[in-house]
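Notes follow once the structure below has been shown.
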Amino acid sequence: MGVFAEDGRHRVAVLVRHGLLPMELGIVHRIFGQAETADGRRLYEVVTCAPEPGELRTDVDFTVNVRHGPEALAEADTVVVPASQQDYGTDDGCLSEEMARAVARIRPGARVASICTGSFVLAAAGLLEGRRATTHWRSAEQFRKLFPEVELDADVLYTDEGGVLTAAGVASGIDLCLHMIRCDHGAAVANEVARRTVVPPHREGGQAQFIRRPVPEPQYSSTAAARAWALEHLDQPVTLRELAACQAMSVRTFTRRFREEVGVSPLQWLTQQRVERARQLLEETELTVDRVASDAGFGTAASLRQHLQAAIGVSPSAYRSTYRGLRRKVGRLRWGRPARARWVLGREWGGGCLVVYGAELGRGGAGAWVVRPGAGCAAA
1 MGVFAEDGRH RVAVLVRHGL LPMELGIVHR IFGQAETADG RRLYEVVTCA
51 PEPGELRTDV DFTVNVRHGP EALAEADTVV VPASQQDYGT DDGCLSEEMA
101 RAVARIRPGA RVASICTGSF VLAAAGLLEG RRATTHWRSA EQFRKLFPEV
151 ELDADVLYTD EGGVLTAAGV ASGIDLCLHM IRCDHGAAVA NEVARRTVVP
201 PHREGGQAQF IRRPVPEPQY SSTAAARAWA LEHLDQPVTL RELAACQAMS
251 VRTFTRRFRE EVGVSPLQWL TQQRVERARQ LLEETELTVD RVASDAGFGT
301 AASLRQHLQA AIGVSPSAYR STYRGLRRKV GRLRWGRPAR ARWVLGREWG
351 GGCLVVYGAE LGRGGAGAWV VRPGAGCAAA
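Structural data, given as structure tokens:
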């Protein structure tokens, strides 16, 4: 009998080790565990495994008893490696024998992701060679020394290189899990998970906004009411003065406090939310591009096209047609992986293949790639 239930759900294995951070383990279980169909059927099954099952130390004052060993990795569709205080690979760029044996059990074609310094494990295993990746900013210098073959980008919250994904830190692990759910099941499911867990469905920006940033004083009023009001009025012109009035603040005070809480300016945030709304409408409705532009608050199709191109590198029509490619068989595939993937719309598994849909940075075109083809995998 296998580790996972044979019920068709996407199988997620979280590979942990001594010194694990319970919060990162909990993030994976919580975020994926909240993803459901409209009729309440759970979309993911998540299990925790270790190189050797048993009691593991954490970075706090309790231990975790892990029931499953590396056999879970051979069955998983997605493997997530959180950080550990005693991260294997952090000191010399090498894995312990038991960790190396465990990683070798990951089945070909499985999606692999890391959170925080879990990226050291992926890099030491050779999974990040020649790829773009991120890690926690405090470990970036050490990572570059140990793994010069990896294209480290320490300024982003997460990266997606098709079959291998990395998140910069604890909170960005939430962003990464939501991103994977969005890739698998679309914006509506991911947004519902975000709503249930009371987190933003999508954050723009990078680690720079979290480095040496002073914590707001406790007496500062939250800008949550203004953000909630703005989301209800995205299809209308929204001014800074109106947002500030929601919090009974001056424009100057509101702008300062908004940036302290959210990490970007109010108008930058507003544009991000409008792009997100437009993407959802393009994915889920048959509305014309003009209507999508209006409902998302961009006013004109030209304005929507400009902002979507700036955000993800494609036009509205290209985004819609590529996303819908996830719902039907693709007639022509490219082999390998995008050399410089800027965005990824989704992926499918089948016949030992991982098929990634997206576009290449600077090339402007959408397409699909077969990544890590296995036995019996052939292009259509």
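Under UniProt numbering, residues 1 to 380 are what the sequence shown spells out, in order. Just so it is clear, CB atoms sit at the ideal spot from N, CA and C, and this is done for glycine as well.
Exposure of residue i, with buried meaning 16 or more beta-carbon neighbours within 10 Å
| i | result |
| --- | --- |
| residue 70 | buried |
| residue 288 | exposed |
| residue 337 | At residue 337, the pLDDT of 42 sits below 50, so the modelled position is not reliable; the number obtained from the coordinates is stated separately. Label assigned to residue 337: buried. |
| residue 130 | exposed |
| residue 300 | exposed |
| residue 105 | buried |
| residue 62 | exposed |
| residue 186 | buried |
| residue 232 | exposed |
| residue 41 | exposed |
| residue 144 | exposed |
| residue 314 | buried |
| residue 60 | exposed |
| residue 302 | exposed |
| residue 184 | buried |
| residue 161 | buried |
Own chain, CB closer than 8 Å to residue i, minus 5 neighbours either side, in chain order
| i | result |
| --- | --- |
| residue 296 | 234, 235, 274, 275, 277, 278, 281, 304 |
| residue 153 | 132, 133, 134, 159 |
| residue 75 | 2, 3, 4, 11, 13, 107 |
| residue 298 | 274, 278, 304, 307 |
| residue 240 | 251, 254, 255, 266, 267 |
| residue 64 | 16, 20, 22, 25, 48, 55, 56, 58 |
| residue 122 | 81, 112, 114, 128, 133, 164, 166 |
| residue 92 | 146 |
| residue 285 | 292 |
| residue 100 | 125 |
| residue 98 | 51, 52 |
| residue 237 | 297 |
Cβ separation of residue i and residue j, assumed to be a contact under 8 Å, to the nearest whole Å
| i | j | result |
| --- | --- | --- |
| residue 48 | residue 16 | 6 Å |
| residue 181 | residue 199 | Not really, about 12 Å apart at Cβ, beyond 8 Å. |
| residue 56 | residue 20 | 6 Å |
| residue 102 | residue 77 | Actually they are not in contact, since the Cβ atoms of residue 102 and residue 77 sit about 17 Å apart, beyond 8 Å. |
| residue 116 | residue 169 | 5 Å |
| residue 172 | residue 157 | 4 Å |
Cutoff 6 Å; reference residue i; Cβ partners in own chain excluding five residues on either side
| i | result |
| --- | --- |
| residue 119 | 133, 135, 166 |
| residue 80 | 14, 28, 113 |
| residue 261 | 223 |
| residue 35 | 43, 44, 181, 189, 193 |
| residue 86 | 18, 19 |
| residue 84 | 17, 19, 20 |
| residue 385 | Because residue 385 is not part of the residues shown, which for the chain are 1 to 380, the question remains open. |
| residue 244 | 251, 254 |
Extent of the continuous beta strand (DSSP E) to which residue i belongs
| i | result |
| --- | --- |
| residue 196 | Taken as a continuous stretch (DSSP letters only), residue 196 belongs to no beta strand (DSSP E), being part of the alpha helix (DSSP H) at 187-197. |
| residue 15 | 10-15 |
| residue 48 | 44-49 |
Residue range of the unbroken alpha helix (DSSP H) whose run includes residue i
| i | result |
| --- | --- |
| residue 28 | 22-33 |
is_contact[residue i, chain C] using C-beta, thresh 8 Å
| i | result |
| --- | --- |
| residue 149 | This model lacks chain C altogether, as it is built from one protein chain only. |
Check: residue i C-beta below 7 Å from any heavy atom of the ligand NAD
| i | result |
| --- | --- |
| residue 111 | This structure simply doesn't include the ligand NAD, nor any ligand for that matter. |
Sequence-distant residues of the same chain with beta carbon closer than 7 Å to residue i, five excluded per side
| i | result |
| --- | --- |
| residue 7 | none |
| residue 66 | 16, 48, 49, 50, 53, 54, 56 |
| residue 46 | 12, 14, 28, 29, 32, 33 |
| residue 246 | 225, 226, 229 |
| residue 197 | 30, 31, 34 |
| residue 292 | 278, 281, 282, 304, 316 |
| residue 72 | 3, 13, 47, 49 |
| residue 37 | 43 |
| residue 290 | 301 |
| residue 9 | 42, 43, 44, 45 |
| residue 68 | 3, 47, 48, 49, 53 |
**Prompt:** Where are the beta strand (DSSP E) runs, 3 residues long or more, that stay fully inside the UniProt domain "HTH araC/xylS-type" (224-322), in chain order?
**Reply:** none
**Asked** Of all the beta strand (DSSP E) runs that stay within the bounds of the stretch 56-113, which reach a length of 3 or more residues?
**Response** 63-66, 78-81
**Request:** Could you tell me which uninterrupted beta strand (DSSP E) segments, each at least 3 residues in length, are contained entirely in the stretch 112-163, listed from first to last along the chain?
**Result:** 158-160
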